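S.K.:
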Amino acid sequence: MKLVWLVNSILPQIAAAQGHEGGVIGGWTVQLADYLSQREDISFTVFYPQQSTRDLIRGRTGNIQYVGFYEEAAPELLYNYGMEEVFRQELEGIQPDLVHIWGTEFVHSLCMVRAFDNPDRTVISLQGLMNPYSKAYLAELPQSVISRHTFRDRLRKDSILEQQRKFRIRGRFERVALRLVHHVIGRTDWDRNEVLRMNPNLKYHHCREILRREFYWIPENTEKDGLLSADSAGKSAIDGLVQKPPEHLLSADSARKSAIDGLVQKPPEHLLSADCTGESLNDGTAQKSRKDLQSEGYDSESAGAKEGEDGLVWRLDACQRHSIFLTQSYYPIKGMHFALRGLRLIKRKYPDALLYVSGVDIIPRSLKGRLKQGSYSLYIEELIERLDLQDSVIFVGEKAAQDMVRQYLSANVFLMASSIENSPNSLGEAMILGLPCVASRVGGIPSMLMDEKEGFLYNYNKPAEMAKRIIEIFEMPDQELCRMTERARVHAADSYSRSLGLNDYLRTYGDILGEDIIN
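Under the working numbering, think of the first position of the sequence shown as 6, with each following residue one higher.
#1: In whole angstroms, give me the CA-to-CA distance for residue 321 and residue 486.
#2: Is it true that the segment 457-466 meets the segment 392-408, where meeting means three or more beta-carbon pairs spaced less than 8 Å apart?
#3: Have a look at residue 325 and residue 156 and give me their C-alpha separation to the nearest angstrom.
#4: Smallest Cα separation from residue 221: which of 127, 499, 517?
#5: Looking only at its own chain, which residues have a Cβ that is under 6 Å from the Cβ of residue 358, when we skip the five neighbours before and after it?
#6: Which stretch, first to last residue, makes up the beta strand (DSSP E) that contains residue 323?
#7: To the nearest whole angstrom, what separates the beta carbons of residue 525 and residue 428, a pair I think is in contact under 8 Å?
#8: Would you check if there are 3 or more beta carbon pairs closer than 8 Å linking the segment 66-79 to the segment 42-55?
#9: What number of angstroms, rounded off, separates the C-alpha of residue 514 from the C-alpha of residue 102?
#10: From the DSSP output, which residues share a beta bridge with residue 109?
#11: For residue 363, which residues does DSSP report across the bridge?
#12: Once you ignore the five residues that flank residue 196 on each side, which residues in its own chain have a CB closer than 7 Å to its CB?
#13: Distance, Cα to Cα, residue 20 vs residue 68?
#14: With 16 other CB atoms within 10 Å as the buried threshold, where does residue 417 fall?
#15: Of the residues 516, 511, 517, which one's Cα is nearest the Cα of residue 46?
#16: Scan the segment 443-518 and note each continuous beta strand (DSSP E) run of 3 residues or more that stays entirely inside, going in chain order.
#17: Using the Cβ count rule (16 or more neighbours within 10 Å means buried), how would you classify residue 145?
#18: Figure out for me which residue from 56, 409, 433, 22 has the closest Cα to the Cα of residue 192.
#19: Use the C-beta contact count for residue 86: other C-beta atoms within 10 angstroms, 16 or more gives buried, fewer gives exposed.
#20: Quick check on residue 7: buried or exposed, where buried means 16 or more other Cβ atoms within 10 Å of its Cβ?
#21: Would you check if the distance between the CB atom of residue 508 and the CB atom of residue 32 is smaller than 9 Å?
#22: For residue 294, which residues in the same chain have their Cβ closer than 6 Å to its Cβ, ignoring the five residues on either side in sequence?
#23: Quick check for students: name the residue ranges of the alpha helix (DSSP H) that lie wholly in the segment 60-101, counting only runs of 4 or more.
#24: Which residue from 347, 126, 344, 198 puts its Cα closest to that of residue 137?
#25: Do you know whose CA, among 360, 337, 467, lies nearest residue 348's CA?
#26: Opposite residue 55 in the DSSP bridges: which residues?
#27: Report the residue from 39, 78, 190, 399 whose alpha carbon sits nearest the alpha carbon of residue 55.
#28: For residue 395, collect the residues of the same chain with a Cβ closer than 8 Å to its Cβ; drop the 5 residues on either side in sequence, then sort them by chain order.
#29: Around the C-beta of residue 63, are 16 or more other C-beta atoms found within 10 angstroms, so that it is buried, or is it exposed?
#30: Mind checking residue 494: buried by the 16 CB within 10 Å criterion, or exposed?
#31: If residue 11 sits next to residue 106, beta carbons under 8 Å apart, how far is it from one beta carbon to the other, in whole angstroms?
#32: Residue 522: buried (16+ other C-beta within 10 angstroms of its C-beta) or exposed?
#33: What first and last residue would you give for the alpha helix (DSSP H) that runs through residue 342?
#34: Skipping 5 residues on each side, what residues in its chain have a beta carbon closer than 6 Å to that of residue 382?
#35: Could you give the distance in angstroms between the alpha-carbon of residue 153 and the alpha-carbon of residue 378?
#36: Can you check whether the CB of residue 36 is closer than 9 Å to the CB of residue 218?
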């Protein structure tokens, strides 16, 4: 099979081949690209946007061929006929059997759809959806903030209202692209309903996403939860893994015997805190240290753990009590302004509560930063001061995956405060690590997290409800909290299973092509 991918940012594998670091955007594609490139029956080419040169960047890393095409930093206002022609010429040379487009957020997706001009052999993975996102973009901001222009906003024509307008324009390209193809890949009830509303004739394929490697307990060479289909049991697959029938979402009752990513083995230190000395969720034993387990002959490698990885499961006794972790804050949809109001309410009962925020630090630290400050950033800075939260909000910056794992594990609660989302990987990362989660009840989030069973959901524009739910986590009895986070981990282990996820994509590709690719 000749497979072409179109992604929204350079893959780390390709960036490394060119001698520079790739970003963390689109992390769900990284491991899947590795897996697909290992298959001898797949010829794999990846298209990605770049701004370093107007010429095409062509090359190969391992079994991945790549084409870097030039795209302006803000391409969303006009359709790019030149890009369509570039894609058409490249595709004529490749002659792909299948084109897989990751996301509808940018105009290059529509350019690729039209360049390939084969709706039966084109599939679009749904990420964010611009049209519904644009409707939620203002997220109940004050009118004074919505209409304000900073120096940066005027210079770049990028005020909050203009940002919303750009989302709407991108949404128009998105609708056209989705009407020109016959196949989409999604993960939530919300994205299914939204795209079928745009095009009722689409065939919807459900595929799991794959998280960054650092978030998994089980090393790839010991994972056994279903690289092949159930009817091909016993046959080998990538990395020599052995087939087991796919294990779908486990019930709460079976959570006691669950495995990380569907396996039956447990990590050496499980979910119980030092105070949780009652019944274990896995095998009825109290929590033991790695030293104790090793003295009893426990084989960490066979259980999917590696030296130094004891901390890959969240523990109450190891976290910073009353700390809250939010992963994004740089534009209104992420709900930072709601999180701050909720934090102020929490601090009335827990004065030591802290909000840690990763990603771009939106508060300027220099004169140059001031000149680049947008209206939303300025509003957040003003809100922090008005609510007297200067010492309660810590921006930790952008972090590599392993550092993000540590940041998750040090928190008491993960907060997803967005006004709209489809299936945010940050929530999945928190769930698979066992971190207690509180999330807004928007978009596809209810498909990811079962309210009051696996975490708490709340109405996104109700900071008091958010605060109430976070305080419930702070005050929940240890064993009850352990059971809740275990159920979330079981759910996430299925939703983000690497081997089952690979199976999903291979099965989808085969369905589109009318072939059995898995076997």
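Every residue gets a Cβ at the ideal spot worked out from N, C-alpha and C, and that includes glycine. Since we're looking at a predicted model, the values are computed, not measured.
M.R.: If we stick to the structure as given:
#1: 9 Å
#2: no
#3: 39 Å
#4: 499
#5: Correct list, in chain order: 327, 351, 352.
#6: From DSSP, residue 323 is part of no beta strand (DSSP E); its letter is neither H nor E.
#7: Summary: the structure shown does not reach residue 525, with the chain confined to residues 6 through 524, and so no result is reported for it.
#8: Enough Cβ pairs lie closer than 8 Å, so yes.
#9: For the pair residue 514 and residue 102, the Cα-to-Cα distance works out to about 10 Å.
#10: In the DSSP output, where bridge partners are listed per residue, residue 109 has none listed.
#11: 402
#12: 131, 134, 427, 449
#13: 15 Å
#14: buried
#15: 511
#16: 461-463
#17: exposed
#18: 433
#19: exposed
#20: exposed
#21: no
#22: In this prediction, residue 294 scores a pLDDT of 32, lower than 50, which makes its location untrustworthy; the coordinate-derived value is nonetheless stated afterwards. Counting only Cβ-Cβ distances below 6 Å, and skipping sequence neighbours, we find nothing.
#23: Runs of the alpha helix (DSSP H) inside the segment 60-101: 86-99.
#24: 198
#25: 360
#26: DSSP output for residue 55 lists 75 as bridge partner(s).
#27: 78
#28: 389
#29: exposed
#30: buried
#31: 5 Å
#32: buried
#33: 341-354
#34: 367
#35: 12 Å
#36: yes
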